[in-house]
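Contents: one structure, followed by commentary.
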Amino acid sequence: MSWAKFISTGWDLRWATTGIATVMWLAVACTSQDDVTLLEQRAHELNEVIMCPVCPGESINESQHTLAVQMRAIVNTKLAEGAAESDIKAFFVERYGQSVLLEPSRRGFTLLVWVIPPFGAVVAAIGLYYVLRTMRRPRSPVASPTAALQLTEDERARYFEQIEAAIGETNSEEQRSRADG
Amino acid sequence: MLVLIAFLLALIPAVVVAYPLVRRVGRSLLSDEETQDTELASRWETAIAGLKNTELEWAIGNLATEDREWLREQYMTDAALVLKEMELEEGEERAVIATVEREMKRIRVRAGGEAPDSGE
Amino acid sequence: MGQISLVIALLVAGYATLASFLGAGLRMPELALSGRYGLYALPLLLIIPSMSLVDAFVSNDFSVRYVAENSNLAMPVAYTWVAMYAGNAGSLLFLALVLSGVSVIAIAGLSRKLPHTGAYAAGILMLTLTFFLAIIVGLANPLERLPITPADGQGINPLLVHFGMFIHPPVQMTGLVLVTVPFSIAMGAMMAGRGGHDEWVSQGRLWGMITWVVLTIGLLLGAWWAYTILGWGGYWAWDPVENSALMPWLAMTAFVHSIMVQKRRGMFRMWNMVLIITAFAMAQMGMFINRGGPVPSVHSFAESSMGWLFLAFMGFTLLGSLIAFWWRSGTLKSRETLDSMLCRESIFLLQNVLFLTVALVTLWGTIFPIFSDVAQDETVTVGAPFFNRVNGPIILALVALMGIGPLLPWRRATRTNVVRALKYPVAAGIVTAVVLALLGIGQPVALAAFSICALVVTGIIHEWVRGTMSRHRSGESYPIAFGRLLARNRPRYGGYVVHLAIIMLAVGAIGSSFYGVQRDMVLRPGDTGTLGDYSFKYLRVEETLFADRVEEVAELEVYSGDSYLGLMRPFRAFYPDFRIAATRGAIRSTPIEDFYIVPSEFNEDGRAVFRILINPLVWWMWAAGPLLFAGVVLGLWPQRQPAPATLTVRALSQAARA
């Protein structure tokens, strides 16, 4: 469909306008509250990766435990003093161990946790490719006796007529039931 | 008292469970439909469903005409092969029946020394 | 009496298992029928102990240990229902009851047409039920009595005292146990030698979809509950128990799609078997993680060694299924082939692989801490950041596939097809990206995600429009054309409705994940604060003492710009017995955004710490639920098929010869 035709069709224009309006509304909804300062943003991001040691599995951002609240305060103070994210993380690791970080480190044994998924994905992709190739290969004739059956021209014409008739039958059945309600 | 309740409670499922064993209710039907017919019928239905779906998608505009033609060819061929197989089967059946009838006539002739009946 | 009933139920279930398997395997119809009747009797047998338990709760009979552990005199009667499944033993009884009921419905429907398959399926269902009952009778009897009756019970975890607790756990647990049904149907058919015949597929698909929708609703309810009660403004934490419920959901999503290919083309038989075996194993694993506590979680029932039994059962059924699969794999070969590498079928397979990848990544991340402990003696935490980073892109790819797949033809898609089908959706995606970027949406991932959502929606709406137009051309008015289009092709359009609901979910997730803002602030009564367009004034806090808790309710006046929005009352309740504080945020929700206030603490000197959040678009996530359900109902609603069956074929052949 050429662009000229696209624009000249009333319907398409209406749909396009509605679509763009929806997208604009989305953008407005998302950006209307641009109120956080950079410091708050950084603190928030840090809080989400540091775990509250006494609440299993919860970050200090999520937990309302007293310890979590204290740790948030420490993060805020240190950021205000100009510490870098890695320093703050190291600070907590020193006190509570490696497990206080919710994101496993990329060194040593834990590197495995990061490496295996993409590796697995690649293996799966290759596997998928080969499976599809296998499914594509035509089956050996022995497997299904009917595969050897061929249709002559007359047979083809005759059968196709019957099939059309069969479908026509069911179509008219549908139409009849449509008419009935 | 407790024993009585336990006994009654156990009685009901026991009766229910024993019923088929005792009355030999089991129909010989412990096999799911398994005939060549079903296989052919399901292939037929798959082909017809495919044809209908193709029509729908073409009417909607998802398929271009040439794709629709190609798909129709595929599905119609599938359905046609089913029909052909059915005919062959019936042809075979009839051939077998004819052979059996001939044999029987021959046996009757040999047994009774009579002229072959113009037979049923 | 309940206890007796439980023992009898265990015996009957065990018998039904044996009878069904032996009857099916040795071809003895009476034995199989006897097993089936036993199955039918079980729900009644299990209602009795359930009623006993309810009665014990309602009458505050603390001589029953489970009642003493999970309720107290202060608990409102309504929450008795909740307490029933709040603990390990009670939830097991609930599971057993549900499984017994569902088995009856499934087997009754299945045995009519497929008795041999039905017998094996009954055996599998009863085997699972026997396992549950054995654990209940042996280890976790909810009706067990205490030697001394305490004066008052312990009460339930206060976090559970919320409306969401009425529905989320039972729905979630029902979903997990429902996985057994499609599993048993598929395996039953395969074991009966019918694996190559696909008769089981319509029942398998039906129960697969039922399982899927229940699991989906369960997960959505859990997310909604976490969002409204736990007070951190989020809804999914990649917590081990959440993950363990997600994995079977992912496998079932894959299953309900690829089973369609089997229905249409008789392909993917082996794949579907493996898939449903995996789904069942994952559901079992879910129960293990939930009860065994190998990885700590906010969700777990009290730690117990029982979890390892679930793991053992999972291993046993997995092994059994794989052996059966290997034995029967010959019957599963398909005679059909793919006409092309690119077609809807291959997209389905790709989608399946991606879903399983997400599931395996989730599994990997969840159990990795165990490996790490063993390998290097150091505990590592694998939390939300890992899962978001690794699963995020895959999920995005899946959403894109959701848009592309339905637009490609079956059997063979040529380049012309692809270009035709994707023209408008891709254009919409690009336009969306441009518009959003111009309006300030800068984050690349969010931009890509929104564009993909636009692509999917455009594809769906465009087809609906074209379909309606084509019917309109043959004389129907627009509304009727649209209605008839949906009504005559229910599985197809039901699926589209579900996809639209998923996009609503995606939009909500993207908005709240990337564009949520929050702030912690300290306020004294009379202070005001602002966040974004909202301003609020902290009025006062009221403290009320209850028998089991101290409640502090804060009152805040909220304004948006100049207009007064109302009073919001978040509160914090402290339970000294449990030493837990439960916070309840006050939420003001609109389709644009949620405004959310959570109290963190109230100090003696009058200062209070609040967290204020603004979460855009979350409303759409919860609105997606009912739409999703409606889509499934539409898709499963039986459609009158005027079937040109065998009769017609015969008639045609005869007509041809004449």
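Residue numbers (my numbering), protein chains in the order written: chain A, 1 to 181; chain B, 182 to 301; chain C, 302 to 959. All residues carry an ideal CB built from backbone N, CA and C; glycine is no exception. Given the structure is predicted, the values throughout are model-derived calculations rather than measurements.
query, result
"When the cut-off is 8 Å and only beta carbons count, does residue 652 of chain C lie next to chain A?", "no"
"Could you check whether the Cβ of residue 222 of chain B sits closer than 8 Å to any Cβ belonging to chain A?", "no"
"Determine the direct distance from the alpha carbon of residue 425 of chain C to that of residue 269 of chain B, and round the result to whole angstroms.", "41 Å"
"Residue 649 of chain C by DSSP, collapsed to three states: which one?", "helix"
"Hey, out of C:918, C:835, C:631, C:841, whose CA is closest to residue 866 of chain C's CA?", "C:835"
"Taking 8 Å as the cut-off, does the region 661–678 of chain C touch the region 113–132 of chain A (at least 3 CB pairs, one atom from each stretch)?", "yes"
"Taking 8 Å as the CB-CB limit, is residue 260 of chain B close to chain A?", "yes"
"How far does the beta strand (DSSP E) with residue 857 of chain C in it reach, from first residue to last?", "851–861"
"Using the Cα positions of residue 772 of chain C and residue 235 of chain B, report the straight-line distance between them to the nearest angstrom.", "16 Å"
"Any beta-carbon of chain A closer than 8 Å to the one on residue 278 of chain B?", "no"
"Residues of the region 83–115 of chain A in Cβ contact with chain F at a cutoff of 9 Å, in chain order, please.", "Given the protein chain composition of this structure (A, B and C), no chain F is represented."
"So, with DSSP's three-state summary, where would you put residue 619 of chain C?", "helix"
"Which residues, in chain order, does the region 37–69 of chain A contribute to contact with chain B at a C-beta distance below 7 Å?", "none"
"Taking residue 358 of chain C and residue 385 of chain C to be in contact with their CB atoms under 8 Å, please state how far apart those CB atoms are, rounded to whole angstroms.", "7 Å"
"Round the Cβ separation of residue 900 of chain C and residue 872 of chain C to the nearest angstrom and send it over; I've been treating them as touching at under 8 Å.", "7 Å"
"Name, please, each residue of chain A whose Cβ falls closer than 7 Å to the Cβ of residue 192 of chain B.", "Correct list: empty, because the minimum Cβ distance to chain A is about 50 Å."
"Using 8 Å as the Cβ pair cut-off and three pairs as the minimum, do the region 372–387 of chain C and the region 306–322 of chain C touch?", "no"
"Distance cutoff 8 Å, beta carbons only. Does residue 156 of chain A sit that close to anything in chain B?", "yes"
"Using CA coordinates, which residue listed in C:383, C:730, C:934 is at the minimum distance from residue 456 of chain C?", "C:383"
"Should residue 687 of chain C be flagged as near chain A, meaning a C-beta pair shorter than 8 Å?", "yes"
"Please state whether the Cβ-Cβ distance between residue 119 of chain A and residue 50 of chain A is less than 8 Å.", "no"
"Does the CB of residue 75 of chain A have a neighbour CB from chain C at under 8 Å?", "no"
"Along chain C, in chain order, which residues have C-beta atoms closer than 7 Å to that of residue 240 of chain B?", "771"
"Got a sec: is the Cβ-Cβ distance from residue 227 of chain B to anything in chain C below 8 Å?", "yes"
"Which two residues bound the contiguous beta strand (DSSP E) that contains residue 838 of chain C?", "835–846"
"Mind checking residue 141 of chain A: buried by the 16 CB within 10 Å criterion, or exposed?", "With a pLDDT of 44 at residue 141 of chain A, under the threshold of 50, the predicted position of this residue should be treated as unreliable, though the coordinate-derived value follows. Exposed is the call here."
"I need the straight-line Cα distance from residue 191 of chain B to residue 435 of chain C, nearest angstrom please.", "17 Å"
"Hey, could you find the ends of the beta strand (DSSP E) residue 511 of chain C is sitting in?", "It is not in any beta strand (DSSP E) - residue 511 of chain C instead sits in the alpha helix (DSSP H) that spans 502–530."
"For the alpha helix (DSSP H) containing residue 269 of chain C, name the first residue and the last one.", "Absent from the structure is residue 269 of chain C, since the part of chain C shown begins at 302 and ends at 959."
"Could you tell me whether the Cβ atoms of residue 489 of chain C and residue 421 of chain C are closer together than 8 Å?", "yes"
"Note down the Cα distance separating residue 143 of chain A from residue 129 of chain A, rounded to an integer number of angstroms.", "Residue confidence is low: residue 143 of chain A scores 43 on pLDDT, short of 50, so the model does not pin down where it sits. Its coordinate-derived value is still stated next. Each residue's Cα considered, the two are about 24 Å apart."
"Would you kindly work out how many angstroms separate the C-alpha atoms of residue 921 of chain C and residue 31 of chain A, rounded to a whole number?", "17 Å"
"Kindly indicate the opening and closing residues of the beta strand (DSSP E) around residue 821 of chain C.", "818–824"
"For residue 84 of chain A, which three-state DSSP category applies?", "coil"
"In chain C, which residues lie with their C-beta within 8 Å of the C-beta of residue 23 of chain A?", "732, 733, 736, 737, 751, 755"
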